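> Everything in the sequence shown is counted per the working numbering, starting at 3 for the first residue and increasing by one.
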Amino acid sequence: MSDIKENLNKVRATLPAGVTLLAVSKFHPADMIREAYDAGQRLFGENRPQELKEKYAMLPKDIEWHMIGHLQTNKVKYIAPFVAMIESLDSERLAAAIDKEAAKCGRVIECLLEIHVAREQTKSGWDFVQLEEFVRGGGFKAYPHIRIRGVMGMATFTDDESVIRGDFTRLADCRNRLAPYFGEEFDTISMGMSEDYPIAVECGATEVRIGSTVFGPRVY
Ligand SMILES: *Cc1c(COP(=O)(O)O)cnc(C)c1O
């Protein structure tokens, strides 16, 4: 027996009401996801489109799958028919691709704007200044098949809690500054992973994305 159910319950117990748990199942096999499902979990996050498509086919259809990893425009088609949310919308090109594939499926796909708030150069996401400019210019109005629900981001990988707190605070602030352009449904702040989610919750996260604390270490 694995500890997945126990781990899930422990994490849930630490989350205030109104904070959603996305169980990040990337690199873990379908039977482990099934175990979490049997423990009542319905929201799962994956970061590779093909892997996500395969798991979707194998598992119960009331699972809500969130794409959280960098998405290439030519791979949107693998997940467009079923994905509940794409959290990693990080460019205009990707918005156009998602809109096109969603239209083909007759769907409107919910998305989060991934914003770069970490100090590392490597982490993906919009530069906030450019994003705000694009939003102010009505850029997303061209894409009726995507519905923007909020922001997503990752903090700097560091032991320095004040840096992490600064990153999360800035991300929450980005959400507040963009909210007037989108209205009430722009309500999601997805931030916080296994190592830093308690800080994210303090800074206003409405969704935390937790992998290893639920499923154990990933084997790559
Ligand atoms: C892998 C991943 C997570 C979960 O990471 P853990 O440290 O295992 O909790 C969260 N968000 C994103 C974007 C990820 O790629």
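Note that CB positions come from ideal geometry on N, CA and C, so glycine has one too.
Here the structure is a predicted model, which is why all the values come from computation and not from measurement.
1) Hey, TYR39 and LYS55: beta-carbon distance below 8 Å or not?
2) Anyone know if the C-beta pair for LEU232 and LEU96 falls short of 8 Å?
3) Give a single yes or no on whether LYS12 has its beta carbon closer than 7 Å to a heavy atom of ligand 1.
4) Run the CB neighbour count on ARG220, radius 10 Å, all protein chains shown included, and call it buried at 16 or more, exposed below.
5) For ASP151, does the count of other Cβ atoms within 10 angstroms reach 16, so buried, or fall short, so exposed?
6) I believe PRO51 touches VAL203 by the beta-carbon criterion, under 8 Å. Please report the beta-carbon distance rounded to the nearest angstrom.
7) How would you label THR22, buried or exposed, when you count the other beta carbons within 10 angstroms and need 16 or more for buried?
8) From the DSSP output, which residues share a beta bridge with HIS68?
9) Could you check whether the Cβ of LYS28 sits closer than 7 Å to any heavy atom belonging to ligand 1?
10) Rounded to a whole number of angstroms, what is the C-alpha to C-alpha distance between SER164 and MET156?
Looking at the atomic coordinates:
1) In the sequence shown, counting from the first residue as 1, residue 39 sits at position 37. In the sequence shown, counting from the first residue as 1, residue 55 sits at position 53. Not in contact: TYR39 and LYS55 (Cβ atoms no closer than 8 Å).
2) The structure shown does not extend to residue 232, since the chain spans only 3 to 222, so no value can be given for it.
3) On the sequence shown, residue 12 is found 10 positions in, with the first residue counted as 1. Result no, Cβ not under 7 Å from ligand 1.
4) Within the sequence shown, residue 220 is the residue found at index 218, counting from 1. The residue is exposed, with fewer than 16 neighbouring Cβ atoms inside 10 Å.
5) Stepping through the sequence shown from its first residue, residue 151 is reached at position 149. In the sequence under discussion, the amino acid at residue 151 is Arg, which differs from the Asp named in the question. That one is buried.
6) Translated into positions along the sequence shown, residue 51 becomes position 49. Translated into positions along the sequence shown, residue 203 becomes position 201. Their Cβ separation, rounded to whole angstroms, is 29 Å, which puts PRO51 and VAL203 out of contact at 8 Å.
7) The residue labelled residue 22 in the question sits at position 20 within the sequence shown. Residue environment: THR22 is assigned as exposed (fewer than 16 neighbouring CB atoms within 10 Å of its CB, all protein chains considered).
8) If you number the sequence shown from 1, residue 68 lands on position 66. Answer is GLY47, MET87.
9) Translated into the one-based positions of the sequence shown, residue 28 becomes position 26. LYS28: yes, Cβ under 7 Å from ligand 1.
10) Counted from its first residue, the sequence shown places residue 164 at position 162. Counted from its first residue, the sequence shown places residue 156 at position 154. Between SER164 and MET156, the C-alpha separation is close to 14 Å.
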